[in-house]
Amino acid sequence: ATLPDSATAFPGETRFSLAALLEPARDVGGDLYDFFMLDRDRLFFVIGDVSGKGLPASLFMVVAKALSKSIALRGGEDIARIVAQANEELARENPEMLFVTGVYGILDAASGEVALCNAGHDAPRRIATDGSVATLPEADGPPLCVLDGFEYPVQRYRLSAGESLCLLTDGVTEAMDEQGALYGHDRLDALLAQQGGAAPANIVWAIREDVRKFVGTAEASDDLTLLVLRYNGP
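So this is what it looks like as structure tokens:
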């Protein structure tokens, strides 16, 4: 599936900055990210991880990404409604009985307000300008395709100018070194604490390099996917 390029996606946009990366493992995987404007002020963004590996997961990822975009663009007023509808429509197109974890969000670039739904996914990090890192609440809903008709709660935040959100898949925290040790959340948070106010592209690069250094010669067993969004102010 074609992934948008954050460097060219928003020409002339100064209210937010965004960077994303998807490094596939050796096996074809099912990670995804996407972002696009819903209107002049509202940015939709998503990061997700399809269960399983190989072609079925990869194909389901393409369907999940396309469905999410089409649902958001045809009436993306409410993030909970977008996620509930994606849950319903994906379940109908799921012969392999896969599921998708994900964080779906809308940033209002005029105010810094963010609305998030977390469907069974790793909790995003919020990075303040002074480098303090807060882990947002754990998933408050199941992965998509697990529970029909589930109403996903919405987490609401207001970002100050210079604050960032870091979204990731478990290919980051569960990356293993040669001895089988995991990269882990503590190491990630310590790294993020050094990134206060940094540009999203620099944060993405720092995480990728640190994970690579940690993993060494071990082979990646999962896709590594990151999306960092910084609010610059209205």
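Quick note, the sequence shown lines up with residues 455 to 688 if you use the working numbering.
Cβ atoms here follow ideal geometry from the backbone N, Cα and C, with glycine treated the same way.
Keep in mind it's a predicted model, so treat the numbers as computed, not measured.
Return the chain-ordered list of same chain residues with a C-beta closer than 6 Å to the C-beta of residue i, the five sequence neighbours on each side being excluded.
i, result
"L513", "none"
"G585", "A647, G650"
"T583", "G616, G650, G651"
"I560", "R496, F498, I533, A569"
"E531", "none"
Specify the secondary structure class of residue i as computed by DSSP and reduced to three states.
i, result
"L492", "coil"
"D485", "strand"
"S614", "coil"
"A520", "helix"
"G651", "coil"
"R601", "Rather than Arg, the amino acid found at residue 601 in this sequence is Leu. Here L601 sits in coil by DSSP."
"S565", "coil"
"D503", "strand"
"F668", "helix"
"L527", "helix"
"A660", "helix"
"A573", "strand"
"F498", "strand"
"G508", "helix"
Where do the N-terminal and C-terminal ends of the beta strand (DSSP E) with residue i fall, by residue?
i, result
"G625", "Note, G625: premise wrong, no beta strand (DSSP E); alpha helix (DSSP H) at 624–627."
"D562", "554–562"
"E477", "470–477"
Measure the CB-CB distance between residue i and residue j and report whether it falls below 8 Å.
i, j, result
"D488", "L476", "no"
"F498", "A526", "yes"
"C620", "V568", "no"
"A534", "V600", "no"
"L501", "T623", "The sequence shown places Ile at residue 501, rather than the Leu named in the question. It is a contact, given that the beta carbons lie within the stated cut-off."
"L590", "V626", "no"
"F490", "P465", "no"
"L645", "A474", "no"
"F668", "D640", "no"
"A540", "L521", "yes"
"S689", "A653", "This structure leaves residue 689 out entirely; the chain is present only between 455 and 688."
"G574", "P549", "no"
"E628", "A538", "no"
"N572", "D594", "yes"
"S614", "I657", "no"
"I536", "Y558", "yes"
"G566", "R612", "yes"
"A461", "D676", "no"
"G556", "L598", "yes"
List the residues that DSSP assigns as beta-bridge partners of residue i.
i, result
"I581", "V587, S618"
"M630", "L636"
"N686", "According to DSSP, N686 bridges with nothing at all."
"L642", "According to DSSP, L642 bridges with nothing at all."
"L678", "E477"
In chain order, what residues of the same chain have a beta carbon less than 7 Å from the beta carbon of residue i, not counting five sequence neighbours either side?
i, result
"V504", "G484, A511, F514, M515, A518, L552, V554"
"A660", "L645, Q649"
"T468", "N686"
How far does the alpha helix (DSSP H) with residue i in it extend, from its first residue to its last?
i, result
"R546", "533–546"
If you drop the 5 nearest sequence neighbours on each side, which residues of the same chain put their C-beta closer than 8 Å to that of residue i?
i, result
"D643", "R579, V587, T589"
"P688", "R469, A563, A564, S565, G566"
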